[in-house]
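To start, the structure itself, in C-alpha cells.
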Amino acid sequence: MGSKLPIFPEQASTLAPDVDHLALFLLVVAAFFTVLIFTAIFYFAIRYRRRSDRELPHVQHGGMALEIVWSVIPFGITMVMFGWGASLYYKESRPPDNAIPIYVVAKQWMWKIEHMEGQREINELHVPLGRAVKLTMTSEDVIHSFFVPAFRTKQDVVPGKYSTLWFQSTKPGKYHLFCAEYCGNRHSGMIGWIYVMEPQDYQNWLSGGAPAASLSEGGEKLFTSLACANCHKADGTGRCPSLVGLFGKTVQLADGNKVVADEAYIRESILQPAAQVVAGYQPVMPTFQGLVTEDGVLQLVEYIKSLGETPEDKTRASGTLGERH
Amino acid sequence: MASEAHAPAESLALREQFETEAQQKDASTLGMWIFLITEVMFFGGLFLAYMVYRRLYPDIFAIASSSLNVYIGAANTVVLLCSSLTMVLAVRAAQLGRTRAIVLFLVLTLLLGGVFLGVKAYEWNEKFVEHHIPGPSFHFEGLGPDQQGHAQLFFSLYFAMTGLHALHMVIGAGLLAMLIWQARRGRFTAEYMTPVDLIGLYWHFVDIIWIFLFPLLYLIDRHLKQP
Amino acid sequence: MITAAVQEREHYLNQSYGLKSWLLTKDHKRIGLLYLFTITLFFFVGGAFATMIRVELLTPGGNFVSSDTYNKLFTMHGVAMIFFFLIPSIPASLGNFFLPMMIGARDLAFPRINLLSWYLLVVGGLFALFAMLAGGVDTGWTFYTPYSTTYSNSWVIATAIGIFIAGFSSILTGLNFIVTVHRMRAPGMTWMRMPLFVWSTYATSLIQVLGTPVLAVTIILLFCERFFHIGIFDPKLGGDPVLFQHMFWFYSHPAVYIMVLPAMGIISEVVSVFSRKPVFGYRVVAYASMAIAVLGFLVWGHHLFVATQSVYAGLVFSFLSYFVAIPSAIKVFNWTATLYKGSISFATPMLYAFGFIGLFTIGGLTGLFLAALGFDVHVTDTYFVVAHFHYIMVGGTIMAYLAGLHYWWPKMTGRMYPEAWARLSALVIFLGFNLTFFPQFILGYLGMPRRYHVYPDEFQVLHVLSTAGASVLAAGYLMPMIYFVWSLRYGQVAGSNPWGAAGLEWQTASPPPVHNFDEMPVVTHEAYDYASVIGEEIQVG
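Residue numbers (this note's numbering), protein chains in the order written: chain E, 61 to 385; chain Z, 87 to 313; chain Y, 977 to 1517.
Given below as C-alpha cells:
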C-alpha cells in the first residue's frame, strides 16, 4: 500500500502524496481546534455548572484583545491552507510539455478513450508508468466528471468544450475510474479502470491487437472525405488558410484579436467557423456540426497537429495558463 | 385616527400593529424600496446572462440587434418617460389633495402604459412574421447555419427581458386601475396618499428597467452602422 | 391538568377557534405555528426519502430500488429538505413567532403579507409534492444543465415551479423582517440592545431578499430552456451549461447562510440564558452575522473548482472562502467564552447548543478543507462534501432548531416538555448523527462519489455504519415529535419565565396574549441583563 493511513486510498500518482500531505495538515489543524473547543466546553460546563438557582455570574462583556487574537491566528492558518491548496491546484493546471496526449469522449454512460496511435478503449485507460499523460476531454451529451481517486485528480467533462486533466503515475496496478458528476440513470455504472503498466508492457499492449489507424490517420481520411482539402490547400493558394504548421501558432483574426491555435480553436473552427474568422479571409467555411462526431473532431485535430509539425509547435499550445479547460 | 375634518374616516386606516401613521407610512415606504431592490436582483440575473453571451458573440448580437426597429423602440422609450412624468404629476396632485387631478394623471399614465404595451405587441408580431421567435421555426436571414444558434440566443434574451418587463407593466397597469378606482372614491388626501406614492415608485422602477433595456437590446453598435 | 388560571386567561391560542381563524389569521404567532406544522410535514417527507436512500446503500448492489428511483430519491430528499424545510424553518416558524416579541412590537410590519408568505410556501410545496407523487424528479437538487433541460424525463418543470413559488415566500418573509426591525422596535430598543437572534434573523433576511430573486430568474431560464429550447444553456446552440452553475450557486451558496445564520442566533440566545451571562463580545457577534451575510455572496465559485472555471477564478474564490469562515469561527470562540465563569445549566436547550457548537465546528473546519483548491479537486463530488454539509445543516441547523423549540416551547404553548425524555433524545440524536455522517468523510476521501446507486464492495462497511447511525438518528427525531405533542395536554404548566431569561418575550404571559404585551414595553436595559431578572421570582421548569 502506498498510503500511510488506512483511510487514504492508494497513492499512485506524483500528485497523490502531495494531496495527502495537505490533507494531513488540514486534519491536524481541524483535530486541534475540535479538541480545543470540545475540551473547553466540557471543562467550563462542569467547572461552572449552576449550583444554585439564584446564582448571578459576574458579567464580562467582551475583550477586544481576545477577539483580535482569535481572528488573526485562524486567519493566518487559513492563509497557509489557501497557499498550499493553491500551489497544488496551479501544478495540476499545467501539464508538462512532454505529456502523452490521450483523448476522452464521455457519453451516457461510458468513457471512450482514444490513443493517438489509434487504440480505442471503452471504460479502460492503459498508460505507461512514470510518464505524464494529458487527457483532453469532451462530452457528447451531459456534464460528466473524470475522477481517479488513486491519482487524487478530477475534472468535469463538459459538452461543447474541451477540458484537460493530467497525471503522472508512480505505481503499476489497476485503479478505479469513476464518473463524478451526476449524469442520469446509469451514473453509478459509468465506472472503469486505469491500468498503469510497465513501459515495455505498455508498448506491447499498444502494438497488440488488430492494427488500427492512428487518430491522425483517421483524421486524414476525414479531411479528404469531407473535402476540406478543396479549400485548405497545403500551399496556401486555396480560398482558406493553409493548415500546415498551424497548431500552436498565434493567429490574427479579422476582428483584430489574436488567438493561439490550440485544440479548442481547431474544434471551434470546424463546428462554428464563423465565430473566429482569420484576418484577410472571408467567412465562407460551412459548419460541420452534425456532419462529424466529437470522435471525428478529435481525429481531425490530431491530423492537423501532425501537419508540418515541429516538437515546439506541438507543445506550445498545451495547457494555456488561465484556462483550466 | 382621522384627525382632519374633511378627510373621510376610511381614508386613514391605521393598522393595529403600528403606533402612529408616520410609522406606518415609513414602514410601507421602506417595504416598497426593499421590494424594488429584489426586482433589481431579479432582472439582474437576466442582464448577467445577456452580458455573458454578448461578450461571447459580439458580432452576431450586433447583427441581430440591428433587425430591431430602433425608431419604434425610441418612441416607446419616450412614451414610458412621459408616463413617468404623468405619474409624478399624479403623486404631486395627491400631495396637494386634488382628487380630480390625481384621477386625470393616473388615467393618462395608464393610457401611456397601454400605448407602450400596444407598440410592444406590434413589435413582437413583427418578430413573429420574420421568424425571429426562438423555437423550431426560428430562422435569421443572412446568417449561416452555425450562427443561427447564437442569433436565437439574442432573441431568447430579448423576449425574456422585454417579456418580463411587459409583465411588470401589466401588473403596474392593474395597480394603476385599482388606484384610479380608489382615487375616484376620494380615498386619497394630502394626509394619506401612501399608495399613490408607492405605486409611483414601482412605476418609475419599471421605467428605469426599460431605460437599460433599450440601449442594451436596440443600440448595439448602431453608431457603427450606416443610417 | 389545566389550572383554572390558564383556562380563564385569554391568549393567542384560545382567543378564537375554528379553521377559518387559523387560515385567515394575521397574528404572527399563529402564522409561525402554521409554518411549524408545514415544515415538519416536509421534514418527514425528506426524511422518508433519506431512509430509503440509506436502506439502499446498505448493500453495494442495487437491490432495494432501481437506478431511476434512487436518482429520484436523492433529488427529492434534497429538494424537500432544502427548499421546504431548512430555508423556511427557523425564520418562518421561530422567527415569525419571536422576532416581533423580542423587539417589543405587536406584530410584523405587514401581517397580511406574512400570511401570504405561508400560502406561497404551501402552494409551492403542493407543486413539489405533486411532482414527487406523479413520478418524481431525478436531476439532483442542483438541476445541472444540460441534463435537467434536455435529457431528464422527469417532472423537472413542476418541481421548478414549486421552488420558484416557495422562493417568493422566502423573499416576502425577509422583506417583512427587515422593515419590522428597522421601523417597529419598542422605545429604548436600540440596535445594540437587540437580542442576537434578531441580529441573525435580520442578516438572514438580507440574504433572502437579495439572493432569492437570482434563483427565481435562473429557474425561469431553466423553464424556458426545457420548454422552448431557447439554447441558453445548450452547447449545441452556443449556450454554456456552466453559466447555469454560476447563476444557480450565486443564490445557493448564500442560501446555506440562510440556513445557518438563524441557527447561530438561537445558539446565542440559549448559551446566554443557560450560562446566565451576556454573550461574550455582543457587538462582535452582531457584526459577524452581518459579515457572514455579505461575504457569503462572494464565494459561489468554490462550487465550480473542477467545473472548467478558470484557474484565476478558482484562486479568488478559494481566497474569499477563507474570509467567510472567520466570522463563524469568531462566533464559536465567543460562545465558548460565554461559558467561562458562567452559571451553566444542563437543560435540554443547552445540551443541543453544546451539540451545535461541537458539530458546527467540525462541519465548518471541513469547509476549510474544501476551500483548499488542491484538496477540493480530490474530494469534490464525493461523500466528503455530503458529510460536510450534513454536519452544518443537520448537526448545526437542526440541532439549533431543536434547541430553539425546546427553549421557546413553554412560551408558545404554556407547557413544559418532559425534561428527562428530552435530554435522552438529545443524546440519541447526537450519537446517531455522528455515526451516520462521520464515516462519510472517510468514504469521500477514499473516493466514493456522490449520488451513486451502486458502489464497489470495499465501501460497504462504512455505508453500513452510516445506515446504522441513520436508524438511531431517526429514532432520536421521533422522540420529540411524540413528547411535544404529549406535553400539550399533560406537560407541566409553565410560567412566563421558566428559564430566568432576560428577553422581552419572557416578560409576557405563556402563552402570550394576542397583542403580545398587555402594555407596550419601554426598554431601559441592555440585552441579556440578568441582574434585572434575577430579582424577580423565577420558575425553573
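Cβ coordinates follow ideal geometry from the N, Cα and C atoms, glycine included.
For Y/Tyr-1263 and Z/Ala-108, the gap between their C-alpha atoms comes out near 30 Å. Boundaries cannot be given for Y/Ile-1079, as no beta strand (DSSP E) includes it and DSSP labels it neither H nor E. Beta bridge pairing from DSSP links E/Thr-310 with E/Val-320. Taking all protein chains in view, the Cβ of E/Tyr-103 is surrounded by fewer than 16 other Cβ atoms within 10 Å, so the residue is classified as exposed.
Annotated three-state conformation of Y/His-1279 is helix, per DSSP.
Assignment of Y/Glu-1495 by DSSP, reduced to helix, strand and coil, places it in the coil class.
Taking the Cα positions, Z/Gly-117 is about 20 Å away from Z/Val-174. Here the alpha carbon of Y/Tyr-1504 sits roughly 13 Å from the alpha carbon of E/His-118. For E/Leu-303, no alpha helix (DSSP H) encloses it, and the DSSP letter there is neither H nor E.
If you draw a straight line from the Cα of Y/Gly-1423 to the Cα of Y/Trp-1475, it comes to about 48 Å. The way I'd put it, the stretch 1345–1356 of chain Y doesn't touch the stretch 1389–1403 of chain Y; fewer than three beta-carbon pairs between them come closer than 8 Å. The alpha-carbon of E/Asp-78 is positioned some 14 Å away from that of E/Phe-142.
Between the stretch 193–213 of chain E and the stretch 1354–1363 of chain Y, the count of C-beta pairs closer than 8 Å reaches three or more; the two stretches touch. With fewer than 16 other Cβ atoms inside 10 Å of its own Cβ, Y/Trp-1167 counts as exposed. With respect to the 8 Å criterion, Y/Gly-1187 and Y/Phe-1273 are classified as neighbours on the basis of their beta carbons. According to the DSSP assignment, Y/Met-1052 belongs to the alpha helix (DSSP H) that extends over 1043–1057.
Close partners of E/Ala-334 in chain Z (Cβ separation under 7 Å): Gly-230, Asp-232 and Gln-233. For the stretch 252–269 of chain E, no residue has a beta-carbon sitting nearer than 9 Å to a beta-carbon of chain Y.
Cβ atoms of E/Gly-244 and Y/Tyr-1123 come within 8 Å of each other, at about 6 Å.
For Y/Tyr-1421, the chain E residues whose Cβ falls inside 8 Å of its Cβ are Ile-67, Phe-68, Pro-69 and Ala-83, in order along the chain. E/Leu-367 places its beta carbon 8 Å or farther from that of Y/Leu-1344.
Chain Z has no Cβ within less than 8 Å of the Cβ of Y/Ala-1179. In terms of Cβ geometry, Y/Ile-1133 and Y/Phe-1220 do not form a close pair [threshold 8 Å]. The three-state reading of DSSP puts Y/Ser-1145 in helix, counting H, G and I together. With a 10 Å radius around the Cβ and a threshold of 16 neighbouring Cβ atoms, Y/Ser-1042 comes out exposed. Secondary structure within the stretch 86–122 of chain E: not one fully enclosed alpha helix (DSSP H) run of 4 or more consecutive residues is present. According to DSSP, E/Arg-180 shares a beta bridge with E/Glu-174. Sorting Y/Leu-1296, Y/Tyr-1367, Y/Ala-1379 and Y/Tyr-1288 by C-alpha distance to the C-alpha of Y/Thr-1324 places Y/Ala-1379 at the top.
One thing to note: Y/His-987 has its Cβ within 8 Å of the Cβ of Y/Ala-1485.
Within the stretch 1138–1169 of chain Y, not one residue has a Cβ closer than 8 Å to any Cβ of chain E. For E/Trp-130, the chain Y residues whose Cβ falls inside 8 Å of its Cβ are Ala-1305, Ile-1306 and Phe-1309, in order along the chain. Inter-segment contact for the stretch 351–368 of chain E and the stretch 146–166 of chain E is present: three or more beta-carbon pairs are separated by less than 8 Å. Straight-line measurement puts the Cα of E/Phe-307 at about 29 Å from the Cα of E/Asn-183. Residue contact with chain Z for E/Thr-347: present (Cβ-Cβ distance below 8 Å to some residue of chain Z). Between Z/Glu-102 and chain Y, the shortest Cβ-Cβ separation is below 8 Å.
In terms of Cβ geometry, Y/Ala-1267 and Y/Pro-1303 form a close pair [threshold 8 Å].
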